[in-house]
Amino acid sequence: MAKIKIQKAFDELHNGGGILYPFRNGYEKLAVLLETVPSDAWRYDESVLGGLVLYLLKQGQAIRAKSYLRARDLQFEKTYRFEFLELMVALHLGERVSEKKLTTWRRLERKLPLQDTLLLGLYYNVLMAMFVRVGNLEEARNAGQQSISCFREEGHSYLEHFIHIHLADIDVVEGRLRRALRGLTAAERCLSQSGLSYGNEIEVIEVIKLAVAYERGEFVKVRNSSTRLRESLLKGDSWSELFFQLTRICVLSTYFLDGLRAAQHELELFQADYVRRHAGRATTIDVLSAMIWRLEWNPNEAAQHLEILDGVDMHSAIGGFLLAEQRVLLHHEEPMINDSPRGKIVSDLQTAQSQRGQTRRNALERSLWNAFKEGQIAPFLENRDAFLGMASQITSISGLRRHPIMLRLVNKILKSVNQSYVIPETLRKIGFNRRQYRVVAALQAGATNKQIARQLGTTESTVKYHLTSIYKMIHVTKRYDLIEFMYKNKIFINY
19 MAKIKIQKAF
29 DELHNGGGIL
39 YPFRNGYEKL
49 AVLLETVPSD
59 AWRYDESVLG
69 GLVLYLLKQG
79 QAIRAKSYLR
89 ARDLQFEKTY
99 RFEFLELMVA
109 LHLGERVSEK
119 KLTTWRRLER
129 KLPLQDTLLL
139 GLYYNVLMAM
149 FVRVGNLEEA
159 RNAGQQSISC
169 FREEGHSYLE
179 HFIHIHLADI
189 DVVEGRLRRA
199 LRGLTAAERC
209 LSQSGLSYGN
219 EIEVIEVIKL
229 AVAYERGEFV
239 KVRNSSTRLR
249 ESLLKGDSWS
259 ELFFQLTRIC
269 VLSTYFLDGL
279 RAAQHELELF
289 QADYVRRHAG
299 RATTIDVLSA
309 MIWRLEWNPN
319 EAAQHLEILD
329 GVDMHSAIGG
339 FLLAEQRVLL
349 HHEEPMINDS
359 PRGKIVSDLQ
369 TAQSQRGQTR
379 RNALERSLWN
389 AFKEGQIAPF
399 LENRDAFLGM
409 ASQITSISGL
419 RRHPIMLRLV
429 NKILKSVNQS
439 YVIPETLRKI
449 GFNRRQYRVV
459 AALQAGATNK
469 QIARQLGTTE
479 STVKYHLTSI
489 YKMIHVTKRY
499 DLIEFMYKNK
509 IFINY
């Protein structure tokens, strides 16, 4: 009787799609079959191995899934299905994508049966994510559209909803926020039509919605969801790019709202969770750390973080873009050329930070007009020093003043930029204002009065005036004593 039950389980798995069984019949039925077949069946049956690997991926156990694929004593002849499983595991682990691997995965398309549109759809889905990982967003979009076409032919709206999420994530990276929201609406519609739910599908959609909210300056909403969504991605089905997107928006939202200490604590939590899930350190998170130190007017600390990353491959498009931006700002390289909406804003802000006079003003005006189209605010906080000393000049631009809606956005941006300079509690109790804190922060990083004046968009005499006021507030008379006071009170310690 037991043998008959086992044989029926094997037959149902093979006839129900083999490694595609969970996509055709659901993970709950797959779990029953895996419980029925012998515990070592994965060693001699490729379909059982495939079902086991996919089930583990769905449960957020990508490292364990990979260990099964690497087992030495597999007793079956590997087919294209095995290569597909390796590709799926690589997606969930967030592994480095080399040109050699990418070439191998592209060749896999030739081995896949053309009549199996479900498998082809899954293949294009994973390949899309890999193109995103290497920063090739155009090819990623093409692969995504091919995947949607396959899933629609199969009538598999559940799998289609994931593609809309991937494409919406790309839109956020490029700053196409309106299109991202339309994509998320399509994802929700597909998920509802499918009537399926295996875990954290709603939370995955929410991550991209919050990414749009972050870009539009809704930092409180992002920060308040950080812990819940991080835990959801850790325990459920997700991919590394989604984790990096959540890391970026949560860490930076926390920094702009609560300052350095809180942001570094958030970084540590995300790094620890990434290591737990992916068994390796996330270089994208290291770039975020460098970015925060640059925003803290500590270019030396930021540069040290970036030096560690020299020659290290980024595992995400977000990491690659952030790294390029930091190198431009820290090493005064030429601004990046990027024709995406967000890329244009960032490029103009980088120009503004390196220029003076009318050139700087024109660059800021261009960035504001580009931001107006999508309601972008976050890029201005990420490059906030471009605005130092320019608030009054920007709001007086006649072209902006003739457009009340545009001017409201500009004022909202300027207000957000000003509030993003979070004064540490110790200094706030003493009575420091934001301008005084900026002076001290630049001073502890080794800047001269002239350099501080340039950073703040003011004169050296104004910097000296601020320093005199600060000396009186903390009862010191020398620059050295001021720096010692800051370190004694752990204002600028690297936590």
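The opening position of the sequence shown corresponds to residue 19 in this note's numbering, with each subsequent residue numbered one higher.
Note that beta-carbon positions come from the ideal geometry of N, C-alpha and C, so glycine has one too.
Compute the Euclidean distance between the alpha carbons of residue i and residue j, then round it to the nearest angstrom.
i: Asn-507; j: Ser-244; result: 29 Å
i: Val-514; j: Arg-497; result: Here the chain covers residues 19 to 513 and nothing more, so residue 514 does not appear.
i: Phe-405; j: Arg-196; result: 26 Å
i: Asn-512; j: Thr-272; result: Below a pLDDT of 50, predicted positions are generally treated as unreliable, and Asn-512, at 46, falls in that range; the measurement from the model is reported next regardless. Roughly 17 Å separates the two Cα atoms.
i: Ala-108; j: Glu-249; result: 21 Å
i: His-493; j: Ser-487; result: 10 Å
i: Lys-482; j: Phe-503; result: 18 Å
i: Tyr-489; j: Gly-417; result: 42 Å
i: Leu-461; j: Gln-469; result: 9 Å
i: Arg-472; j: Val-222; result: 43 Å
i: Tyr-98; j: Leu-48; result: 21 Å
i: Arg-426; j: Asn-388; result: 15 Å
i: Ala-204; j: Asn-467; result: 54 Å
i: Ala-231; j: Gln-437; result: 18 Å
i: Cys-208; j: Phe-41; result: 15 Å
i: Thr-265; j: Glu-157; result: 25 Å
i: Gln-93; j: Ile-81; result: 22 Å
i: Ala-186; j: Ile-267; result: 15 Å
i: Glu-127; j: Ile-22; result: 37 Å
i: Leu-155; j: Leu-145; result: 11 Å
i: Gln-373; j: Ala-381; result: 9 Å
i: Asp-134; j: Arg-360; result: 38 Å
Shortest alpha-carbon distance to residue i belongs to which of the options?
i: Gly-201; options: Gly-162, Ser-215 and Gly-173; result: Gly-162
i: Leu-136; options: Asn-242, Ser-175 and Leu-105; result: Ser-175
i: Asp-331; options: Val-293, Lys-227, Ser-307 and Gly-153; result: Gly-153
i: Leu-247; options: Thr-477, Val-269, Arg-234 and Glu-224; result: Glu-224
i: Leu-251; options: Asp-134, Leu-209, Ile-226 and Glu-236; result: Ile-226
i: Gly-464; options: Lys-447, His-283, Gln-411 and Glu-319; result: Glu-319
i: Glu-64; options: Asp-328, Ile-188 and Gly-35; result: Gly-35
i: Phe-237; options: Ile-395, Val-428 and Asn-467; result: Ile-395
i: Lys-76; options: Val-457, Ile-415, His-110 and Glu-101; result: His-110
i: Phe-169; options: Lys-119, Ala-158 and Ile-181; result: Ile-181
i: Tyr-73; options: Thr-301, Ala-204 and Gly-44; result: Gly-44
i: Tyr-546; options: Thr-466, Thr-495, Val-458 and Thr-480; result: Past the boundaries of the shown model lies residue 546; the chain is included only from 19 to 513, so the question cannot be answered.
i: Asp-91; options: Lys-84, Arg-61, Ala-321 and Leu-126; result: Arg-61
i: Ser-85; options: Lys-129, Val-71 and Lys-96; result: Val-71
i: Thr-301; options: Tyr-455, Leu-155 and Phe-339; result: Phe-339
i: Gln-164; options: Tyr-141, Val-150, Leu-155 and Ile-183; result: Tyr-141
i: Leu-120; options: Asp-134, Phe-102 and Gln-133; result: Phe-102
i: Ile-287; options: Val-269, Phe-274, Leu-185 and Gly-298; result: For the sequence presented, residue 287 should be read as Leu rather than Ile. When each option's Cα is compared against that of Leu-287, the closest is Val-269.
i: Glu-383; options: Ser-372, Ser-256, Arg-241 and Asp-366; result: Asp-366
i: Tyr-216; options: Ile-267, Ser-256 and Glu-30; result: Ser-256
i: Arg-151; options: Arg-88, Ile-188 and Leu-177; result: Ile-188
i: Asn-356; options: Phe-390, Val-191 and His-179; result: Val-191
i: Ala-83; options: Glu-95, Lys-96 and Leu-105; result: Leu-105
i: Ile-415; options: Gln-376, Ile-37 and Gly-277; result: Gln-376
List the whole-angstrom C-beta distance separating residue i from residue j, where the pair is believed to meet the contact cut-off of C-beta under 8 Å.
i: Tyr-439; j: Arg-452; result: 5 Å
i: Glu-514; j: Gly-139; result: Outside the shown range of the chain (19 to 513) lies residue 514, about which nothing can therefore be said.
i: Gly-78; j: Tyr-39; result: Rounded, the Cβ-Cβ distance is 20 Å, inconsistent with contact.
i: Gln-411; j: Arg-446; result: Incorrect: roughly 29 Å between the Cβ atoms, too far for contact.
i: Met-17; j: Ile-441; result: With the chain covering 19 to 513 only, the question about residue 17 has no answer from this structure.
i: Leu-285; j: Ile-303; result: 6 Å
i: Met-293; j: Leu-341; result: In the sequence under discussion, the amino acid at residue 293 is Val, which differs from the Met named in the question. Rounded, the Cβ-Cβ distance is 20 Å, inconsistent with contact.
i: Ile-24; j: Val-50; result: At roughly 12 Å, the Cβ-Cβ gap does not stay under 8 Å, so Ile-24 and Val-50 are not in contact.
Is residue i near residue j, with beta carbons less than 9 Å apart?
i: Arg-402; j: Leu-348; result: no
i: Ser-258; j: His-296; result: yes
i: Gly-254; j: Ile-363; result: no
i: Ser-385; j: Gly-235; result: no
i: Ala-147; j: Ala-198; result: no
i: Met-309; j: Gln-344; result: yes
i: Phe-398; j: Ile-431; result: yes
i: Ile-326; j: Phe-262; result: no
i: Leu-474; j: Arg-456; result: yes
i: Phe-100; j: Ala-59; result: no
i: Asn-143; j: His-184; result: yes
i: Leu-278; j: Glu-219; result: no
i: Arg-241; j: Asp-276; result: yes
Using a beta-carbon distance below 9 Å, is residue i in contact with chain C?
i: Ala-290; result: The structure shown contains no chain C; it is built from a single protein chain.
Any heavy atom of the ligand FAD closer than 8 Å to the Cβ of residue i?
i: Ser-65; result: This structure lacks the ligand FAD; in fact it carries no ligand of any kind.
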